[in-house]
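Colleague: Just so you know, the sequences run in chain order A, B, C and D.
The letter at position 162 of the first sequence is residue 162 when you use UniProt numbering, and the numbering goes up by one with no holes.
The letter at position 26 of the second sequence is residue 26 when you use UniProt numbering, and the numbering goes up by one with no holes.
The letter at position 173 of the third sequence is residue 173 when you use UniProt numbering, and the numbering goes up by one with no holes.
The letter at position 131 of the fourth sequence is residue 131 when you use UniProt numbering, and the numbering goes up by one with no holes.
The C-beta atom is built at its ideal place from N, Cα and C for all residues, glycine as well.
4 protein chains.
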Amino acid sequence: MASNKHEEIAQAAIRLFEKKGYHATSVQDIADEVGLQKGSLYHYISSKEDLLMQITHQAINGFNRNLEKIMNLQLPVREKFILAFESHLNSLTSNMSMAIVLLREAFSLGEHQHSVIQQATDQYLDLWCRILDEGLASGEFHHTNSRLTALSILGSLNWVYRWYDSNKRLSPNELAREFANIFLRGIERR
Amino acid sequence: MASNKHEEIAQAAIRLFEKKGYHATSVQDIADEVGLQKGSLYHYISSKEDLLMQITHQAINGFNRNLEKIMNLQLPVREKFILAFESHLNSLTSNMSMAIVLLREAFSLGEHQHSVIQQATDQYLDLWCRILDEGLASGEFHHTNSRLTALSILGSLNWVYRWYDSNKRLSPNELAREFANIFLRGIERR
Amino acid sequence: MASNKHEEIAQAAIRLFEKKGYHATSVQDIADEVGLQKGSLYHYISSKEDLLMQITHQAINGFNRNLEKIMNLQLPVREKFILAFESHLNSLTSNMSMAIVLLREAFSLGEHQHSVIQQATDQYLDLWCRILDEGLASGEFHHTNSRLTALSILGSLNWVYRWYDSNKRLSPNELAREFANIFLRGIERR
Amino acid sequence: MASNKHEEIAQAAIRLFEKKGYHATSVQDIADEVGLQKGSLYHYISSKEDLLMQITHQAINGFNRNLEKIMNLQLPVREKFILAFESHLNSLTSNMSMAIVLLREAFSLGEHQHSVIQQATDQYLDLWCRILDEGLASGEFHHTNSRLTALSILGSLNWVYRWYDSNKRLSPNELAREFANIFLRGIERR
DNA sequence: TATGAATGAGTCTTCATTCAT
DNA sequence: GATGAATGAAGACTCATTCAT
């Protein structure tokens, strides 16, 4: 379990990376935010990049864990499908900054680290494909290229951070249902 | 009209910004790519940020122009809708690097410049909303929150740069039709 | 008398200073090697430089003590001369790392500390001069500038750490006799 | 041919590396010495280590070149031998600072770079061995382990930087002859 | 138009040392 | 004795930009 300070630093980094971007955030900025000297940070992190890695890793893992839980439920595909939308948007909006860092800044990781995140992201895509394939197998969904459909869905959902305004009327769950409906109509057998 | 050299520089910048990201690309990198000295670049550009601005501006303008052309056609909404998908994906894939810079790096612009791009992006969203509203008015599409639907669509389409592989079987137009179908089924009246 | 821990730390420092050099060795490195925390080291040492001082001091003292013992023997100069070579190379090779730290890193000491070492080193040179002068007085050695000769000898002997390989065929005593022979022939009266 | 500024920087570095040591000399120190900003130095050097590399490389090359010239002369071995001593001490004392950097600081180079210098140093040793072998072949020198003898000689000569005071009565050539005599008597056939 | 020298602020990171617990 | 958090100065190096030639 990470020390309080470490968590505090991570949270500060998330805030700053979201607001200014990874590259535009200096280690000094983070230190200031936490009230430590630049050098002192290095008791808790090994490098700025490693900090980004931890954040993005934690973020993608959250998405994966939540979707896996849903996959394991004994429910009609249709309901799983809707829950998946809800899960994604709840993960996204409940810690929007972290999600933004994942979606926008992971690219700044070094090749190796980036590939680790990429792999976890691919896993997430697979989970979505599995839902679609289940629906196909059960006859509830008509035939589609499930990977393409999943990518379409994920695009819609991930784009949300670019425009979602949490003070607005739409709750994450409401939005999830709106989006789910569009896609459900698009793929359900009539 | 931009001199040849200026265009050459812009192209080099696009390539590099796409490959390494805006911040990770140095002015030196660009100069090397063009075969000029760092200092000489400044005869053609006023700043690195300005270069990014020009690229993103040109990119978003391309998207807007192409979609406007389609809007002005005298065609059934359904066909306009499909053409819009094709237009977007052709713009995107025909100059993927530029589109990537737009979608991924515009955020690195200063506040003011960024807001200019944002405005053009909002315009683009409006065009999509207009298509959906047209369909609603003509009775072809059933009632939806058109802005939400447009955002869903744009999310799907813009996400494409994250996974699209031009060497793969799917042409931009094929992909456009696949995506259009999903959304058409989602919003067309039965 | 130094505690065990203190000795352990000194030994670790010797190893590390020899391998990486004084400047390139961090206090952290030493702490790691001993299995202590950085902060804990300071119960045993007062500073990194002081550690170096102790090591070099101990080293040069060893050389001096051993040579003094030989000087006090009642033996023909010729034999003392040879014993001196043996003494030097035994001191050097029996704790090569320490000798290397003395010969290579003493320069990193602050001015004052360095001068203390320098003084002890000068003493060592004097002992060698005395041997040569004894030989001259007894008529065994022909006339030379004894200081110059001593410096020549010490150069030969101290250079040994740069190339001596303890796994090689040559034992320190064998090497001592080889070197002693060269110089004996060089200075002995025919 | 190196620009003036580059040479100026190298000279400043030599002075500083000699006086304070490589590690204790900061890039700032060098910049100050040359009257440039820290950053400006990097127009001329690629790194501090590279600067050290250049200096040591140039130094060892000087030693090698001079000794090679002597090797190619048509002279009795005895005279070559003496010339070699003179050559070494002239190289050493004519640019003492540079020689000191070579002898004392080359160890601070990274493994790869250090091995390059080491190789050139080994070559230099070989040249000395060849002189001794020539003397052996011609019957002028009696049988010795030439490598050991060469190492003994080089030790004597390289140690000189530790005590030689140029304001003192002894010129490099005089010193060379003193040293050469010691070793000549040590190895010449009677 | 093109150069390349120069800047100076800024980057991340390291490190010897101190000190409250 | 031992810890480990904290410091603060210093480290090498990068970079966008300017400008005299």
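1) Looking at C-beta atoms only, is the number of pairs between the stretch 72-89 of chain A and the stretch 134-146 of chain A that lie closer than 8 Å three or more?
2) Restricting to Cα atoms, I'd like to know which of V77/A, G39/A and I55/A is closest to L16/A.
3) Below 9 Å on C-beta distance, what does S156/D contact in chain C?
4) Let me see if you follow: with CB-CB separation under 8 Å, is H23/D close to chain C or not?
5) Does R185/B pass the burial test, meaning 16 or more other C-beta atoms within 10 Å, or should it be called exposed?
6) What residues in its chain sit with their C-beta under 6 Å from that of N173/D, if we drop five residues either side in the sequence?
7) Taking Cβ positions only, does G186/D come closer than 8 Å to chain C?
8) Since residue 263/B and A31/B should fall inside the 8 Å C-beta cutoff, what is the C-beta to C-beta distance between them, to a whole number of angstroms?
9) In chain C, which residues lie less than 8 Å from W163/D when you measure between Cβ atoms?
10) For L73/C versus L127/C, is the C-beta spacing smaller than 8 Å?
11) Please name the residue in M96/A, A106/A and S91/A whose C-alpha comes closest to that of N167/A.
12) Can you tell me the Cα-Cα spacing of L109/D and D122/A, whole angstroms?
13) Would I60/A pass as a contact of A120/A if the rule is Cβ separation under 8 Å?
14) Tell me which residue opens and which closes the alpha helix (DSSP H) that S91/A is part of.
15) Report buried or exposed for G35/D, applying the criterion of at least 16 other Cβ atoms within 10 angstroms of its Cβ.
16) Would you decide whether K48/C is buried or exposed? Buried here means 16 or more other CB atoms lie within 10 Å of its CB.
17) Is the beta carbon of F63/D closer than 8 Å to that of Y124/D?
18) Cβ of H6/D within 8 Å of Cβ of Y42/D?
19) Classify E49/D as helix, strand or coil using the three-state DSSP reduction.
20) Please check if any C-beta of chain B sits within less than 8 Å of the C-beta of L73/A.
21) Contact defined as beta carbons within less than 8 Å: I believe N4/A pairs with G155/B. What is the distance between those atoms, to the nearest angstrom?
22) Opposite F141/C in the DSSP bridges: which residues?
23) Using only the alpha-carbon positions, how far apart do E33/B and A12/B sit?
24) Is I182/A close to chain B, meaning its C-beta is less than 8 Å from at least one C-beta of that chain?
25) Which residue marks the beginning of the alpha helix (DSSP H) containing G155/A, and which one marks its end?
26) Taking the CB atoms as reference points, tell me whether I187/B and H142/B lie closer together than 8 Å.
27) Classify S146/D as buried or exposed, calling it buried when 16 or more other Cβ atoms lie within 10 Å of its own Cβ.
28) State the DSSP-derived secondary structure class of T25/A, mapped to helix, strand or coil.
29) Going along the stretch 95-107 of chain C in order, which residues come within less than 9 Å of chain D, judged by CB to CB distance?
30) Which bits of chain B does N173/A rub up against, with CB to CB less than 7 Å?
31) Quick check on the burial criterion: 16 or more other C-beta atoms within 10 angstroms. Buried or exposed for G39/B?
32) Quick check on N145/C - is its C-beta less than 8 Å from some C-beta in chain D?
33) Please tell me whether E140/D and V77/D are closer than 8 Å, where the distance is taken between their beta carbons.
34) Quick check: what's the CA-CA separation for I153/B versus F107/B?
35) In three-state DSSP terms, what is M1/D?
36) Suppose the cutoff is 7 Å on Cβ atoms and the five residues either side in sequence are ignored; what does the same chain contact list for I70/D look like?
Modeller: On the basis of the supplied data:
1) yes
2) For the purposes of this step, residue 16/A is taken as the residue at position 16 of the first sequence. Cα-wise, what sits closest to L16/A is I55/A.
3) Working through the fourth sequence from its first residue, we reach residue 156/D at position 156. L151, S152, I153, L154, G155, S156 and W159, listed in chain order.
4) Mapped onto the fourth sequence, residue 23/D falls at position 23. Chain C, which has a Cβ nearer than 8 Å to the Cβ of H23/D, makes this yes.
5) Residue 185/B sits at position 185 when you count from the first residue of the second sequence. The residue in question, R185/B, is buried, as its Cβ has 16 or more Cβ neighbours within 10 Å.
6) Within the fourth sequence, residue 173/D is the residue found at index 173, counting from 1. Answer for N173/D: E86, listed in chain order.
7) Working through the fourth sequence from its first residue, we reach residue 186/D at position 186. It does; some Cβ of chain C falls within 8 Å.
8) Past the edges of chain B, shown from 1 to 190, lies residue 263/B, and the structure says nothing about it.
9) Numbered from 1 along the fourth sequence, position 163 holds the residue referred to as residue 163/D. L151, listed in chain order.
10) Indexing the third sequence from 1 puts residue 73/C at position 73. Indexing the third sequence from 1 puts residue 127/C at position 127. No, Cβ-Cβ distance for L73/C and L127/C is not below 8 Å.
11) Numbered from 1 along the first sequence, position 167 holds the residue referred to as residue 167/A. Comparing Cα-Cα distances from N167/A to each of M96/A, A106/A and S91/A, the minimum goes to M96/A.
12) Against the fourth sequence, residue 109/D aligns to sequence position 109. Against the first sequence, residue 122/A aligns to sequence position 122. C-alpha separation (whole angstroms): 44 Å.
13) To locate residue 60/A, count along the first sequence from 1; it is residue 60. To locate residue 120/A, count along the first sequence from 1; it is residue 120. Contact flag set, yes.
14) Residue numbering aside, residue 91/A sits at position 91 when the first sequence is read from its first letter. Segment V77 to S94, the alpha helix (DSSP H) holding S91/A.
15) Indexing the fourth sequence from 1 puts residue 35/D at position 35. When all chains shown are included, G35/D counts as exposed.
16) Position 48 of the third sequence, counted from the start, is the residue given in the question as residue 48/C. Looking at its Cβ environment, which holds 16 or more other Cβ atoms inside 10 Å, K48/C is buried.
17) Counted from its first residue, the fourth sequence places residue 124/D at position 124. Counted from its first residue, the fourth sequence places residue 63/D at position 63. Yes, they are a contact pair.
18) The residue labelled residue 6/D in the question sits at position 6 within the fourth sequence. The residue labelled residue 42/D in the question sits at position 42 within the fourth sequence. Result no, Cβ atoms of H6/D and Y42/D do not sit closer than 8 Å.
19) Reading the fourth sequence from its first residue, position 49 is the one you call residue 49/D. It is helical.
20) The residue given as residue 73/A occupies position 73 in the first sequence. Closer than 8 Å: no.
21) Numbered from 1 along the first sequence, position 4 holds the residue referred to as residue 4/A. Numbered from 1 along the second sequence, position 155 holds the residue referred to as residue 155/B. N4/A to G155/B, Cβ: 37 Å. No contact.
22) To locate residue 141/C, count along the third sequence from 1; it is residue 141. For F141/C, which the question treats as bridged, DSSP gives the partners E188/C.
23) For this step, residue 33/B is matched to residue 33 along the second sequence. For this step, residue 12/B is matched to residue 12 along the second sequence. Between E33/B and A12/B, the C-alpha separation is close to 6 Å.
24) Stepping through the first sequence from its first residue, residue 182/A is reached at position 182. At a cut-off of 8 Å between beta-carbon atoms, I182/A makes contact with chain B.
25) Translated into the one-based positions of the first sequence, residue 155/A becomes position 155. S146 to W159 is the span of the alpha helix (DSSP H), which, as asked, contains G155/A.
26) Counted from its first residue, the second sequence places residue 187/B at position 187. Counted from its first residue, the second sequence places residue 142/B at position 142. Cβ atoms of I187/B and H142/B: closer than 8 Å.
27) Taking the first residue of the fourth sequence as position 1, residue 146/D is located at position 146. Flag for S146/D reads buried.
28) Within the first sequence, numbered from 1, the residue matching residue 25/A stands at position 25. If DSSP states are grouped into helix, strand and coil, T25/A belongs with coil.
29) Result list: R104 and F107.
30) Looking up residue 173/A in the first sequence gives position 173. By Cβ distance, chain B contributes nothing, its closest Cβ being about 14 Å from N173/A, past 7 Å.
31) As a working mapping, residue 39/B is identified with position 39 in the second sequence. Exposed: under 16 other Cβ atoms inside 10 Å.
32) Within the third sequence, numbered from 1, the residue matching residue 145/C stands at position 145. Interface residue, yes.
33) By one-based count along the fourth sequence, residue 140/D stands at place 140. By one-based count along the fourth sequence, residue 77/D stands at place 77. Cβ distance < 8 Å, so E140/D and V77/D count as in contact.
34) As a first step, residue 153/B is located in the second sequence; it is residue number 153 there, counting from the start. As a first step, residue 107/B is located in the second sequence; it is residue number 107 there, counting from the start. A direct Cα-Cα distance of roughly 21 Å separates I153/B from F107/B.
35) Mapped onto the fourth sequence, residue 1/D falls at position 1. With a pLDDT of only 42 at M1/D, under the threshold of 50, the placement of this residue in the model should not be trusted, and no figure is reported.
36) Here residue 70/D refers to the residue found at position 70 when the fourth sequence is read from its first residue. These residues qualify, in order along the chain: K80, L83, A84 and S87.
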